[in-house]
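Reviewing the structure listed below.
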Amino acid sequence: MRVAEAIPEFAEAFGFEEFNRMQREALPALLDSEANVVASAPTASGKTALAELAICKCLSDGGTALFVAPMRALTNEKESEWERFESLGYSVYVVTGERDLNPRRAERADILVMTPEKADSATRKHESPRYGFIEAVDCVVLDEVHLLDSEKRGSVLEVTVSRLRRICGPRIVALSATMPNVGDVADWLDAPPEATFAFGDEYRPVDLHADVKTYTHGENSFADKYRRLYRTLDIVEPHIREDGQALVFVSSRQDTVMAAKKARDEIAERDVPVGARGDYDFHTEATELSNDTLRKSVTDGVAFHHAGLSKADRDRVERWFKEGKVQLLFSTSTLAWGVNLPARCVVIRDTKHHDPLEGEVDVSPLDVLQMLGRAGRPGYDDVGYGWVVCDRADADRYRRLLKEGKEIESNLADDIDAHLNAEIAMGTIRDLDDVMSWLETTFYYVRARSKPDEYDFDGIRDRVRGTLESLVDRGFVEMDEDLGVAGTDLSRLASKYYLRLDTAERFSRLAEGDSVTVDAVLEA
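Residue numbering for the sequence shown is 1 to 524, as defined by full-length UniProt numbering.
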């Protein structure tokens, strides 16, 4: 079906003329009904168009749409990408930080764009004049809803969606990479069967061959990085020799730079034909890069990309990679979640990263699958190749992940105290019955009901009540004899300023007997 037939008034907002098979199958649910929609589909299969269709439906009905993107880099990308909507007379506004917020622009916007954290903050303050715009949202599009599975960010997305549903009752359209338990997400969001889609790998525009390459772990972690790098170069070299490109994910910003420098020397030694020699315009533009190391490397066909680069440098690297002027790109996971930058070959060199609090931790299975999903360039490749470079001891675990995928779990239990406190501070929850009603709106509850043994579903209410009693003991909540609850000044402080509860407790102890009081901070 042609775009102009389905939505003639918005045809110019799309960068193509005809919907693909996956998009055609989802069209009726998105355009011909008001039901909530959940769609799971492989990376690069065209999910962005589903988001845009939902937004078009909302705009044509005179409503306001909120697009929740997983990363700030992606919100910035949407701001420029959706200038197409601006040309049709619709306003797009990206909500970034508190200080940058323009309430008038937000209120007038037809399309709002936020990360889960900004949406969480805005919904906590929805009764204030600055954030009243959130109450007018008619449709919420959740991009990469499998972020629910993230240990650090999943619970934020989960409670924010539940809160949005209570505040403004919007239509929810949730989009995800392939996930085995799409039915649980549909159950949580009340999406009917006819609006729940699980598009399999047959909908990928390019077949994906994913596997594991092992190395032998040594005593020295620094030397191990080079072992994995040489293994990586062995994998990517044949593809680059055949005019393909490779995207390599490493664990840190510093590693992108170090790996690119070493790879540049090694590729020269192997006499691999890379770079855009003779391209005068490219070489001239490369001199404008602000990063010295990148400037020296990029003309040899090797580059790196991370959030610490200037936006201008990042934009140039992305464009040059798309144009084929950069053959080998080292990146942090930003490119897996953000920019659509496919490559014939994707390699995950590092399956672990350093956490300041926990030390060396595994890259999440969700991130592994997201990275590998970038393999294969539609229109250029018949097959994309994805490789995980890991220690022999981990090989079976990663092969199992590649074969079976990863079910989406709730991580709300890990910090349910902070989220419960926020709801009480806002006045959403006023008694014990409200606590239990709120619990039933969460993905945590749905997932526990689906897997009762793993989540101990029978004990879930007792655990939440225990959390409430702990908040009372710690001075965040007051409870009367009728089981009514109310937030204290400490509760409101933690919620207003987005503080961890232990941080708020420490602040309170420091403020005791001093001239600074919690009351004074709340009034600031």
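C-beta atoms are modelled at their ideal positions from N, C-alpha and C, and glycine is treated no differently.
Problem - N-terminal and C-terminal residue of the beta strand (DSSP E) that Gly386 is part of - result: For this step, residue 386 is matched to residue 386 along the sequence shown. It spans 383-391 - the beta strand (DSSP E) in which Gly386 sits, taken as one unbroken run.
Problem - For Ala186 and Pro193, the rounded distance between their alpha carbons - result: Reading the sequence shown from its first residue, position 193 is the one you call residue 193. Reading the sequence shown from its first residue, position 186 is the one you call residue 186. Whole-angstrom Cα-Cα distance: 8 Å.
Practice task
Give a yes or no on whether the minimum CB-CB distance between Ala504 and chain C is below 8 Å.
Solution key: Among the chains in the structure shown there is no chain C, since it carries only a single protein chain.
Exercise for the section: With a floor of 4 residues, list each alpha helix (DSSP H) that falls wholly inside the stretch 215-284, ordered by position along the chain. Expected result: The qualifying runs are 221-241, 253-269.
Practice task
Would you decide whether Arg392 is buried or exposed? Buried here means 16 or more other CB atoms lie within 10 Å of its CB.
Solution key: Counted from its first residue, the sequence shown places residue 392 at position 392. Residue burial is scored here from C-beta neighbours: Arg392 has fewer than 16 other C-beta atoms within 10 angstroms and is therefore classed as exposed.
Practice task
Please confirm if the stretch 200-217 is in contact with the stretch 247-260, defined as three or more CB-CB distances below 8 Å between the two stretches.
Solution key: Between the stretch 200-217 and the stretch 247-260 there are fewer than three C-beta pairs closer than 8 Å, too few to call the two in contact.
Exercise for the section: Can you give me the start and stop residues for the alpha helix (DSSP H) that Ser491 sits inside? Expected result: Here residue 491 corresponds to residue number 491 of the sequence shown, with the count starting at 1. For Ser491, the enclosing alpha helix (DSSP H) begins and ends at 489-496.
Problem - Extent of the continuous alpha helix (DSSP H) run through Lys78 - result: Numbered from its first residue, the sequence shown carries residue 78 at position 78. In the DSSP assignment, Lys78 falls within the unbroken alpha helix (DSSP H) covering 72-81.
Practice task
Using the Cα positions of Pro170 and Gln370, report the straight-line distance between them to the nearest angstrom.
Solution key: Reading the sequence shown from its first residue, position 170 is the one you call residue 170. Reading the sequence shown from its first residue, position 370 is the one you call residue 370. Rounded to the nearest angstrom, the two C-alpha atoms are 28 Å apart.
Exercise for the section: Could you pull out every residue in the same chain whose Cβ sits closer than 7 Å to the Cβ of Arg399, ignoring the five residues on either side in sequence? Expected result: Walking along the sequence shown from the start, residue 399 turns up at place 399. Closer than 7 Å at Cβ, skipping near neighbours: Val212.
Exercise for the section: Tell me whether Ser176 sits in a helix, a strand or coil according to DSSP, three-state version. Expected result: If you number the sequence shown from 1, residue 176 lands on position 176. Correct three-state label for Ser176: strand.
Problem - CB-CB length for Ala109 against Val92, believed under 8 Å - result: For the purposes of this step, residue 109 is identified with residue 109 of the sequence shown, where counting begins at 1. For the purposes of this step, residue 92 is identified with residue 92 of the sequence shown, where counting begins at 1. Sure, about 7 Å apart at Cβ, within 8 Å.
Practice task
Spell out a yes or no on whether the stretch 345-353 and the stretch 311-325 are touching, meaning 3 or more CB-CB pairs, one atom from each, closer than 8 Å.
Solution key: With contact defined as three or more Cβ pairs closer than 8 Å, the stretch 345-353 and the stretch 311-325 are not in contact.
Exercise for the section: Could you pull out every residue in the same chain whose Cβ sits closer than 6 Å to the Cβ of Val159, ignoring the five residues on either side in sequence? Expected result: As a first step, residue 159 is located in the sequence shown; it is residue number 159 there, counting from the start. Answer for Val159: His419, listed in chain order.
Practice task
Consult DSSP for Thr160 and reduce its assignment to one of helix, strand or coil.
Solution key: Stepping through the sequence shown from its first residue, residue 160 is reached at position 160. Thr160 falls in the helix class under three-state DSSP.
Problem - Contact between the stretch 371-387 and the stretch 267-278 (3+ Cβ pairs under 8 Å) - result: No, because fewer than three Cβ pairs between the stretch 371-387 and the stretch 267-278 fall closer than 8 Å, the two stretches do not touch.
Practice task
May I ask which residues mark the beginning and end of the alpha helix (DSSP H) holding Val464?
Solution key: Here residue 464 refers to the residue found at position 464 when the sequence shown is read from its first residue. First-last of the alpha helix (DSSP H) with Val464: 460-473.
Practice task
Would you tell me roughly how many angstroms separate the C-alpha atoms of Arg449 and His353, rounded to the nearest one?
Solution key: The residue given as residue 449 occupies position 449 in the sequence shown. The residue given as residue 353 occupies position 353 in the sequence shown. Taking the straight line joining both Cα atoms gives about 33 Å.
Handout entry: Environment of Gln254 [buried if 16+ CB atoms lie within 10 Å]
Key = Translated into the one-based positions of the sequence shown, residue 254 becomes position 254. So Gln254 counts as exposed.
Exercise for the section: Can you tell me which of the three DSSP states His126 falls into? Expected result: By one-based count along the sequence shown, residue 126 stands at place 126. His126: coil per DSSP, three-state reduction.
Exercise for the section: Would you kindly report the start and end of the unbroken beta strand (DSSP E) that includes Asp355? Expected result: As a first step, residue 355 must be located in the sequence shown, where it is residue number 355. DSSP places Asp355 in the uninterrupted beta strand (DSSP E) bounded by 352-355.
Problem - DSSP-derived helix/strand/coil call for Glu512 - result: One-based indexing of the sequence shown puts residue 512 at position 512. In the displayed model, Glu512 falls within coil according to three-state DSSP, outside both helix and strand.
Exercise for the section: Going by CA-CA distance only, name the one from Leu294, Phe457, Thr299 that's closest to Met258. Expected result: Locating residue 258 in the sequence shown gives position 258, where the first residue counts as 1. When each option's Cα is compared against that of Met258, the closest is Leu294.
Exercise for the section: Under 8 Å Cβ to Cβ from Met71, same chain only, skipping five residues before and after it: list those, please. Expected result: Numbered from its first residue, the sequence shown carries residue 71 at position 71. Sequence-distant partners of Met71 (beyond 5 residues in either direction) whose C-beta falls short of 8 Å from its own C-beta, in its chain, are Thr115, Thr334, Trp337, Gly338.
Handout entry: Start-end ranges of the beta strand (DSSP E) lying completely within the stretch 315-374, minimum 3 residues
Key = Restricting attention to beta strand (DSSP E) runs no shorter than 3 residues, the stretch 315-374 encloses them at 328-331, 345-348, 352-355, 359-362, ordered along the chain.
Exercise for the section: Quick one: grab the DSSP three-state call for Arg165. Expected result: Within the sequence shown, residue 165 is the residue found at index 165, counting from 1. Note: Arg165 maps to helix in three-state DSSP.
Problem - Span of the alpha helix (DSSP H) around Leu112 - result: To locate residue 112, count along the sequence shown from 1; it is residue 112. For Leu112, there is no enclosing alpha helix (DSSP H); the enclosing beta strand (DSSP E) covers residues 111-114.
Handout entry: Identity of the residues DSSP links to Glu478 by a beta bridge
Key = As a first step, residue 478 must be located in the sequence shown, where it is residue number 478. Glu478 pairs with Ala486.
Exercise for the section: Measure the alpha-carbon distance for Gly355 versus Ser60 and round it to whole angstroms. Expected result: Within the sequence shown, numbered from 1, the residue matching residue 355 stands at position 355. Within the sequence shown, numbered from 1, the residue matching residue 60 stands at position 60. Residue identity check: residue 355 is Asp in the sequence provided, not Gly. Per the coordinates, the alpha-carbon of Asp355 lies some 46 Å from the alpha-carbon of Ser60.
Handout entry: Secondary structure of Val38, DSSP reduced to three states
Key = As a first step, residue 38 is located in the sequence shown; it is residue number 38 there, counting from the start. For Val38, the secondary structure class from DSSP, reduced to helix, strand or coil, is strand.
Practice task
Ignore the nearest five residues each way along the sequence and tell me which others in Asp362's own chain have a CB closer than 6 Å to its CB.
Solution key: Here residue 362 refers to the residue found at position 362 of the sequence shown. If we look at Asp362 and ignore the five residues flanking it on each side, its Cβ neighbours are Lys352.
Problem - 6 Å Cβ shell around Tyr445 - same chain, five flanking residues per side excluded - result: Looking up residue 445 in the sequence shown gives position 445. Counting only Cβ-Cβ distances below 6 Å, and skipping sequence neighbours, we find Leu439.
Problem - Cα-Cα separation, Ala195 to Ala29 - result: In the sequence shown, residue 195 corresponds to position 195, counting from 1. In the sequence shown, residue 29 corresponds to position 29, counting from 1. Taking the straight line from one Cα to the other gives about 5 Å.
Handout entry: CB of Phe476 within 8 Å of CB of Leu499, strictly
Key = If you number the sequence shown from 1, residue 476 lands on position 476. If you number the sequence shown from 1, residue 499 lands on position 499. No; because the gap between Cβ atoms is not below 8 Å, this pair is not in contact.
Problem - Sequence-distant residues of its chain with Cβ nearer than 6 Å to Ala49 (five each side left out) - result: Taking the sequence shown and counting its residues from 1, the one referred to as residue 49 is at position 49. Excluding residues within five positions, the ones whose Cβ falls inside 6 Å are Gln23.
Exercise for the section: Check whether the Cβ atoms of Ser85 and Ala106 sit closer than 8 Å, and answer yes or no. Expected result: As a first step, residue 85 is located in the sequence shown; it is residue number 85 there, counting from the start. As a first step, residue 106 is located in the sequence shown; it is residue number 106 there, counting from the start. Looking at the sequence shown, residue 85 is not Ser but Phe. No, Cβ-Cβ distance for Phe85 and Ala106 is not below 8 Å.
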